[in-house]
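A.B. asks: Protein sequence lines correspond, in order, to chains A, B, C and D. Residues are numbered in my numbering as their position in the first sequence, beginning at 1, plus a constant of 5. Residues are numbered in my numbering as their position in the second sequence, beginning at 1, plus a constant of 5. Residues are numbered in my numbering as their position in the third sequence, beginning at 1, plus a constant of 5. Residues are numbered in my numbering as their position in the fourth sequence, beginning at 1, plus a constant of 5.
There are 4 protein chains.
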Amino acid sequence: MTALNAAVREIADEMASRPDRGEVADYIPELARADPGAFGIAVIGPEGIAAAGDADAPFSIQSVSKVFTLTLALGLAGDRLWNRVGREPSGNPFNSIVQLERERGVPRNPFINAGAIAVTDVILSGHQPREALGEILRFLQFIAEDETIYIDDAVAKSERRTGFRNAALANYMKSFGVLENPVDFTLGVYFHHCAIAMSCRQLAMAGRYLAHSGRNPTTGFNVVSPERARRINALMLTCGHYDGSGEFAYRVGLPGKSGVGGGILAIAPGKASIAVWSPGLDANGNSHLGRIALEMLAKRMGWSIFGADVP
Amino acid sequence: MTALNAAVREIADEMASRPDRGEVADYIPELARADPGAFGIAVIGPEGIAAAGDADAPFSIQSVSKVFTLTLALGLAGDRLWNRVGREPSGNPFNSIVQLERERGVPRNPFINAGAIAVTDVILSGHQPREALGEILRFLQFIAEDETIYIDDAVAKSERRTGFRNAALANYMKSFGVLENPVDFTLGVYFHHCAIAMSCRQLAMAGRYLAHSGRNPTTGFNVVSPERARRINALMLTCGHYDGSGEFAYRVGLPGKSGVGGGILAIAPGKASIAVWSPGLDANGNSHLGRIALEMLAKRMGWSIFGADVP
Amino acid sequence: MTALNAAVREIADEMASRPDRGEVADYIPELARADPGAFGIAVIGPEGIAAAGDADAPFSIQSVSKVFTLTLALGLAGDRLWNRVGREPSGNPFNSIVQLERERGVPRNPFINAGAIAVTDVILSGHQPREALGEILRFLQFIAEDETIYIDDAVAKSERRTGFRNAALANYMKSFGVLENPVDFTLGVYFHHCAIAMSCRQLAMAGRYLAHSGRNPTTGFNVVSPERARRINALMLTCGHYDGSGEFAYRVGLPGKSGVGGGILAIAPGKASIAVWSPGLDANGNSHLGRIALEMLAKRMGWSIFGADVP
Amino acid sequence: MTALNAAVREIADEMASRPDRGEVADYIPELARADPGAFGIAVIGPEGIAAAGDADAPFSIQSVSKVFTLTLALGLAGDRLWNRVGREPSGNPFNSIVQLERERGVPRNPFINAGAIAVTDVILSGHQPREALGEILRFLQFIAEDETIYIDDAVAKSERRTGFRNAALANYMKSFGVLENPVDFTLGVYFHHCAIAMSCRQLAMAGRYLAHSGRNPTTGFNVVSPERARRINALMLTCGHYDGSGEFAYRVGLPGKSGVGGGILAIAPGKASIAVWSPGLDANGNSHLGRIALEMLAKRMGWSIFGADVP
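1) For ALA57/A, report the span of its alpha helix (DSSP H) as first-last.
2) Please name the residue or residues paired with ARG220/B in a DSSP beta bridge.
3) Does PRO31/B pass the burial test, meaning 16 or more other C-beta atoms within 10 Å, or should it be called exposed?
4) Does any C-beta atom of chain B lie closer than 7 Å to the C-beta of GLU106/D?
5) Under 7 Å, Cβ to Cβ, is there at least one residue of chain A near PRO115/B?
6) So which residues of chain A does ILE310/B contact, with C-beta pairs closer than 8 Å?
7) Please classify ALA1/D as buried or exposed, where buried requires at least 16 other C-beta atoms within 10 Å of its C-beta.
8) So which of PHE181/C, SER309/C, ARG113/C has the shortest CA-CA distance to ASP248/D?
9) Rounded to whole angstroms, what's the CA-CA distance from VAL13/C to PRO51/C? Just pull it up for me.
10) Throw me the rounded Cβ distance for the LYS71/C and ALA121/C pair, which I believe falls under 8 Å.
11) Can you pull the chain C residues whose beta carbon is under 9 Å from the beta carbon of GLY251/D, in chain order?
12) Residues of the stretch 150-171 of chain A with a CB closer than 7 Å to any CB of chain C: list them in chain order, please.
13) Taking the alpha-carbon of THR209/D as reference, which of GLY307/D, PHE253/D, ALA55/D has the nearest alpha-carbon?
14) Counting contacts by CB-CB distance shorter than 7 Å, is ILE201/B in contact with chain D?
15) Within 7 Å (strictly less), CB to CB, does LYS262/D reach chain B?
16) Does the beta carbon of VAL194/B come closer than 7 Å to any beta carbon on chain D?
17) Counting only beta-carbon atoms, is SER68/D nearer than 7 Å to chain C?
18) Between which two residues does the alpha helix (DSSP H) containing GLY96/C stretch?
19) Anything in chain A within Cβ reach of ASN97/B, meaning under 7 Å, just list it in chain order.
20) How long is the line joining the alpha carbons of ARG236/D and GLY245/D, rounded to whole angstroms?
21) Could you name the residues of the stretch 207-221 of chain B whose beta carbon sits closer than 7 Å to any beta carbon of chain A, in the order they occur along the chain?
22) Give me the chain C residues within the contact set of TYR177/D, using Cβ-Cβ distance strictly less than 9 Å, ordered along the chain.
23) So, does the stretch 126-135 of chain D touch the stretch 77-84 of chain D, judging by three or more C-beta pairs under 8 Å?
24) Just the Cα atoms here: how many angstroms apart are GLY295/B and LEU86/C?
25) List the DSSP bridge partners of LEU142/A.
26) May I have the straight-line CA-CA distance separating SER292/C from ARG256/D, to the nearest angstrom?
27) Anything in chain D within Cβ reach of PRO134/C, meaning under 8 Å, just list it in chain order.
28) Does ALA30/C get closer than 7 Å to chain A when you measure Cβ to Cβ?
29) Count the other CB atoms, across all protein chains shown, that sit within 10 Å of the CB of ARG233/D; report buried if there are 16 or more and exposed otherwise.
30) Determine, using beta carbons only, whether ARG206/A and ALA60/A come nearer to each other than 7 Å.
31) To the nearest angstrom, how far is it from the Cα of SER204/B to the Cα of SER263/B?
32) Leaving out five residues on either side along the sequence, give the residues of the same chain with a beta carbon under 7 Å from the beta carbon of ARG213/B.
33) Excluding sequence positions up to five away, which residues of its chain have a Cβ less than 7 Å from the Cβ of GLY258/A?
34) Please return the same chain residues whose Cβ sits closer than 7 Å to the Cβ of SER230/B, not counting the five positions on each side in sequence.
35) Would you kindly check if the distance between the Cβ of PRO115/B and the Cβ of VAL103/B is under 7 Å?
36) What does ALA65/A reach in chain C if we use C-beta pairs closer than 7 Å?
Structure (structure tokens):
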């Protein structure tokens with residue numbers, strides 16, 4: 006058993022028994038059903054995959070999907086995307102609308118809700134919602150090499166029924182011309198790609214290109230250029246955990262993107278693609294145990310991008 | 006000549022001839038005298054130092070000093086420091102006071118002005134301003150191994166005469182009990198440590214411990230623990246360039262801290278401590294050519310912390 | 006000819022010839038067609054009606070309708086209305102969403118857009134939009150004693166097509182439970198009551214109850230209690246001109262409510278109900294010449310509520 | 006006994022026995038000593054003065070002084086004053102600094118702390134603090150016809166020691182050039198004029214010019230023009246009770262200015278100058294019983310500026 010396998014197993018064991026598990030999100034009714042006792046982890050490193058706990062249980066990836074829609078939108082629009090969305094941390098909660106008013110409808114970054122909706126609008130760009138959604142799903146199935154990945158319709162419908170805050174953000178951007186498609190189309194695609202269900206194993210598979218200079222390390226297929234992979238990682242580091250991004254960088258030291266379903270995708274550049282899942286969230290809406298598990302893993306493996314234990 | 010030497014020289018040559026040089030800061034009268042044509046760079050890597058341009062000309066390090074006062078304050082107060090200052094990007098300009106009102110006087114991070122003033126207050130903690138200032142200066146002379154580093158009194162006086170915005174921040178924090186010392190004492194030390202003058206060579210020397218797990222790579226002396234060095238680097242990455250921190254991470258991919266004097270200290274963990282200087286600033290108050298030079302250097306040397314060109 | 010008649014005629018003459026006329030609102034396409042040269046005034050005082058200029062031309066009353074929907078909603082819900090909307094000036098533009106975030110979806114007063122949408126939601130309260138709209142229109146026809154008052158469907162449709170900012174406000178409030186009806190229903194009624202077309206004469210007729218302790222001075226019919234009339238007047242004074250309310254009180258000294266169609270209803274308590282109309286707006290979205298005309302009228306007639314020329 | 010005398014006595018009796026008395030301000034230590042059981046009222050109407058309760062006990066007038074410094078500054082600078090301070094309600098607490106950042110150091114109105122400090126700076130305008138303060142005090146003694154009015158030095162010193170929030174506001178405005186004098190000079194005068202001690206009787210005497218078209222009704226001396234008196238009343242109505250100004254207009258219907266010492270000066274134009282005092286404050290920092298007493302008085306006497314009970 007490798008050091009990685011041992012680390013992953015021990016972390017999963019410790020996480021299973023911790024009493025502090027955060028709070029399961031309840032603002033989307035369908036998500037509130039998640040089991041707060043669940044914990045999964047999957048790490049794809051140079052020597053293969055290490056997984057433990059509920060690594061094969063599908064969960065709602067929610068905002069983790071924003072990494073993949075950003076990747077797709079950059080492929081479609083290139084740097085023109087940045088006319089519609091910024092690249093700075095927001096200093097505000099994930100669903101804040103204050104910043105949009107101050108900056109005339111242009112969201113601060115592609116990982117807060119407003120920014121991700123703008124990114125979805127770029128992908129949609131004149132197509133039917135069904136087509137755009139199909140493209141997003143096929144992209145995820147392709148990079149994860151797994152055609153069983155699916156959209157959980159019950160979650161998507163649950164979000165649509167209750168997603169008034171996101172509808173406010175979308176209409177607000179629309180009033181400034183930042184969205185080009187009908188608001189309902191863009192929101193429809195957004196709610197559905199947030200409702201994609203994946204397991205930790207599938208998510209870690211999907212994230213490999215970010216750990217390996219934009220390339221599938223097995224097939225050698227280039228998903229994005231090395232520079233683009235670096236830049237997506239940089240955005241994950243500075244903006245991937247909403248108003249807890251500074252804290253995640255400080256404690257874990259890896260680019261990562263969280264979702265309110267309790268999943269986090271983290272990248273150790275050149276080393277590993279990592280997915281963790283535990284539904285209980287902290288005050289910033291990030292997986293409580295997920296963050297702790299990643300902090301332990303990064304420390305134990307010496308994977309922080311900010312320096313090693315030995316000079 | 007090493008690849009690093011060649012890179013440094015070519016970058017300095019290109020920077021010398023570029024017509025776009027940003028705007029020299031004029032809100033502190035004494036800083037407005039800087040020569041917009043100046044450019045210096047010094048890199049201390051594993052094979053020694055590479056320097057070019059005005060690498061030995063002293064300039065006002067201004068906010069770059071905040072990296073070193075943070076290091077000192079963490080040594081004095083440990084994690085108790087974080088009761089007085091946060092660890093999140095601010096999403097606001099460097100001298101914004103809005104956030105302080107929303108968060109009851111606790112600044113978002115130690116690198117915006119309010120946060121750095123709170124850090125200075127921790128260092129002062131009951132001592133006379135002269136003593137605290139002496140401690141800061143001696144620390145810099147020690148880690149840079151250069152006793153000629155000095156405080157430029159004309160700059161300090163110039164800031165004191167015009168620093169009403171910082172006085173507003175300090176009084177505001179004092180009203181919430183975030184500062185413990187008399188406001189004038191804390192501001193006096195703050196203005197003076199911002200007025201420290203250093204050359205690129207001295208600054209790169211001073212930053213070595215952040216590139217080498219907290220340790221002076223020559224003497225082996227431990228300045229801070231490896232974990233603390235990582236964490237300071239993480240804060241520099243997420244918060245080191247004010248409201249341009251996301252952009253710096255996106256383009257350069259290195260932890261860095263800028264000052265309105267036009268200096269930037271950047272760290273390539275495990276590889277190099279880098280200082281650049283060019284007085285012209287961009288809209289966010291960061292050195293325009295300094296950022297471009299670091300982007301070129303990081304790309305050419307493959308030093309981005311977010312991934313390499315080859316998987 | 007009475008002093009009032011003379012004043013009204015001379016003011017209308019001067020307004021007709023002034024070169025500074027403000028800017029016609031263009032964010033609702035249908036409103037942009039208004040003639041910037043138009044000016045109308047109608048004053049119903051103790052000795053009858055004085056009217057001049059385009060006093061009989063119908064215009065889109067827009068936000069002036071909020072006075073009447075507030076009156077209706079208070080009749081339906083009484084003081085329970087104030088659980089859903091505040092009574093303080095906003096210190097922000099009419100369509101700002103910032104305040105909603107800070108105060109958890111409760112708008113500051115019934116005259117900013119968000120507040121008026123919440124008031125409309127109270128009137129709707131479970132009915133079909135068509136019924137609620139019919140009630141609003143009949144109320145206006147009744148108090149103005151004029152059954153020809155109508156809703157301009159072209160304007161309503163124009164607003165619905167472009168009213169993304171209002172849709173953002175409505176969805177935002179809905180997310181906090183401040184709206185009870187489907188967002189589309191509430192917005193539909195809101196857009197249509199803003200699209201009511203009235204002339205100055207009709208509007209001055211409709212406002213009489215506010216000038217006369219809640220009562221129709223001709224028929225003696227009580228529309229509201231004297232206390233409620235006073236309170237509506239107080240709200241008009243402090244909040245009736247968005248972020249120009251202080252200026253209107255300072256210069257005119259009468260309770261008033263403006264609309265982006267260029268109309269203003271002003272009340273001289275115990276003395277007169279006044280309507281002016283000129284489509285050009287000032288920077289705060291209030292009729293430029295309308296405000297000036299009211300300032301001249303109040304001064305000349307000694308109608309300011311803040312004191313007379315002679316002690 | 007007149008109806009006014011009876012009303013004043015009955016109101017004072019009721020206020021003396023009410024259990025809900027608000028909270029005495031404690032952020033200025035010296036003010037915290039006030040007796041929460043105190044209540045005073047003095048009304049100067051056409052038939053002379055009616056007073057009851059602690060009408061002759063001196064209290065710290067605090068922000069009520071802003072009415073008189075505004076009057077003085079308008080006399081000195083005329084409409085040029087409005088280059089330094091606005092005329093709109095703030096929509097924020099009395100000591101907020103957020104608005105100053107958004108509007109580049111220009112306070113929204115002369116009655117929030119920042120605005121009153123700017124007004125004080127206009128009065129100071131190059132003079133020594135002692136001279137400016139002398140002028141303010143003499144003005145109050147003159148209009149109140151009472152030379153025993155004095156500045157409570159213990160309160161002034163208490164404020165200076167703890168007034169960090171006001172020092173923040175002053176320094177912030179200074180950074181934008183809105184203040185012309187040394188910050189310490191302006192703040193010194195401000196803290197001292199807030200510390201003026203007056204009784205209800207003295208305060209009602211001082212306010213007579215605002216009730217009588219700018220003129221002392223006894224001597225006929227013109228303090229300000231009728232227009233200026235009206236305008237000051239308008240500012241009191243829209244901005245005189247901080248973020249409770251809308252509520253005060255809604256319930257009381259009179260121009261008024263409150264202070265955290267628990268005093269309120271209210272004006273019934275053409276009818277009466279009224280002062281009430283009770284140290285317990287509501288959540289907006291306005292006298293709890295003072296407001297209730299004024300609501301009762303205005304209702305009983307039919308003094309609301311927004312309309313009468315009988316048409």
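Where is the CB? At the ideal position from N, CA and C, for every residue including glycine.
C.D. replies: So, from the listed chains and residues:
1) One-based indexing of the first sequence puts residue 57/A at position 52. Per DSSP, ALA57/A is not a residue of any alpha helix (DSSP H); the beta strand (DSSP E) it occupies stretches across 53-58.
2) Position 215 of the second sequence, counting from 1, holds the residue named residue 220/B. Beta-bridge pairing links ARG220/B to ASN227/B.
3) To locate residue 31/B, count along the second sequence from 1; it is residue 26. Looking at the sequence itself, residue 31/B is Asp, so the reference to Pro does not match. Classified as exposed, ASP31/B has fewer than 16 neighbouring CB atoms from the shown chains inside 10 Å of its CB.
4) For this step, residue 106/D is matched to residue 101 along the fourth sequence. Yes, GLU106/D lies at the interface with chain B (some Cβ there is under 7 Å from its Cβ).
5) As a first step, residue 115/B must be located in the second sequence, where it is residue number 110. No, PRO115/B does not count as interfacial toward chain A.
6) Within the second sequence, numbered from 1, the residue matching residue 310/B stands at position 305. Neighbours of ILE310/B on chain A, chain order: PRO274, ILE310, PHE311.
7) The structure shown does not extend to residue 1/D, since chain D spans only 6 to 316, so no value can be given for it.
8) Taking the first residue of the fourth sequence as position 1, residue 248/D is located at position 243. Selected option, being the one with the closest Cα: ARG113/C.
9) The residue labelled residue 13/C in the question sits at position 8 within the third sequence. The residue labelled residue 51/C in the question sits at position 46 within the third sequence. Roughly 15 Å between the two C-alpha positions.
10) Locating residue 71/C in the third sequence gives position 66, counting from the first residue. Locating residue 121/C in the third sequence gives position 116, counting from the first residue. By a beta-carbon distance limit of 8 Å, LYS71/C contacts ALA121/C. Their separation comes to about 4 Å.
11) Against the fourth sequence, residue 251/D aligns to sequence position 246. GLY91, ARG92, GLU93, PRO94, ARG113, ASN114, ALA239, LEU240, THR243, CYS244, listed in chain order.
12) Within the stretch 150-171 of chain A, the qualifying residues are PHE169, ARG170.
13) Taking the fourth sequence and counting its residues from 1, the one referred to as residue 209/D is at position 204. Reading off the sequence, residue 209/D comes out as Ala, not Thr. For the options GLY307/D, PHE253/D, ALA55/D, the alpha carbon positioned closest to that of ALA209/D is the one of ALA55/D.
14) On the second sequence, position 196 is the one that residue 201/B refers to. Interface flag for ILE201/B against chain D is unset, since no Cβ pair is found closer than 7 Å.
15) To locate residue 262/D, count along the fourth sequence from 1; it is residue 257. Closer than 7 Å: no.
16) Looking up residue 194/B in the second sequence gives position 189. Cβ-Cβ to chain D under 7 Å: no for VAL194/B.
17) Residue numbering aside, residue 68/D sits at position 63 when the fourth sequence is read from its first letter. Cβ-Cβ to chain C under 7 Å: no for SER68/D.
18) Here residue 96/C refers to the residue found at position 91 when the third sequence is read from its first residue. DSSP places GLY96/C in no alpha helix (DSSP H); its state is neither H nor E.
19) For this step, residue 97/B is matched to residue 92 along the second sequence. Correct list: GLY96.
20) Sequence index remark: in the fourth sequence, residue 236/D carries index 231 (1-based). Sequence index remark: in the fourth sequence, residue 245/D carries index 240 (1-based). Their Cα atoms are separated by approximately 12 Å.
21) From the stretch 207-221 of chain B, only HIS217, SER218, ARG220 have a Cβ closer than 7 Å to chain A.
22) Start at 1 with the first residue of the fourth sequence, and residue 177/D comes out as number 172. Under the 9 Å cutoff, chain C gives no residues; its nearest Cβ is about 18 Å from TYR177/D.
23) With the cut-off at 8 Å, the stretch 126-135 of chain D and the stretch 77-84 of chain D touch.
24) The count along the second sequence starts at 1 and reaches residue 295/B at position 290. The count along the third sequence starts at 1 and reaches residue 86/C at position 81. If you draw a straight line from the Cα of GLY295/B to the Cα of LEU86/C, it comes to about 58 Å.
25) In the first sequence, the residue the question calls residue 142/A occupies position 137. LEU142/A is not bridged to any residue.
26) Reading the third sequence from its first residue, position 287 is the one you call residue 292/C. Reading the fourth sequence from its first residue, position 251 is the one you call residue 256/D. If you draw a straight line from the Cα of SER292/C to the Cα of ARG256/D, it comes to about 29 Å.
27) Working through the third sequence from its first residue, we reach residue 134/C at position 129. Those do not exist, as PRO134/C stays about 30 Å from chain D at its closest Cβ, beyond 8 Å.
28) What you label residue 30/C is simply residue 25 of the third sequence in a count that begins at 1. No, because no Cβ of chain A sits closer than 7 Å to the Cβ of ALA30/C.
29) Here the question's residue 233/D lines up with position 228 in the fourth sequence. Using a 10 angstroms sphere on the CB of ARG233/D, the tally of other CB atoms reaches 16 or more, which defines it as buried.
30) Mapped onto the first sequence, residue 206/A falls at position 201. Mapped onto the first sequence, residue 60/A falls at position 55. Going by C-beta atoms, ARG206/A is nearer than 7 Å to ALA60/A.
31) Along the second sequence, one-based indexing puts residue 204/B at 199. Along the second sequence, one-based indexing puts residue 263/B at 258. Roughly 14 Å separates the two Cα atoms.
32) For the purposes of this step, residue 213/B is taken as the residue at position 208 of the second sequence. Taking C-beta separations shorter than 7 Å and ignoring five residues to either side along the sequence, the partners of ARG213/B in its chain run ILE49, ASN221, PRO222, SER278, following chain order.
33) Locating residue 258/A in the first sequence gives position 253, counting from the first residue. If we look at GLY258/A and ignore the five residues flanking it on each side, its Cβ neighbours are ALA303, SER309, ILE310, PHE311.
34) Looking up residue 230/B in the second sequence gives position 225. Once the five neighbours on either side are set aside, the close Cβ partners of SER230/B are GLY219.
35) Counting from one through the second sequence, the residue named residue 103/B turns up at place 98. Counting from one through the second sequence, the residue named residue 115/B turns up at place 110. Result no, Cβ atoms of VAL103/B and PRO115/B do not sit closer than 7 Å.
36) Counting from one through the first sequence, the residue named residue 65/A turns up at place 60. Rather than Ala, the amino acid found at residue 65/A in this sequence is Ser. Under the 7 Å cutoff, chain C gives no residues; its nearest Cβ is about 20 Å from SER65/A.
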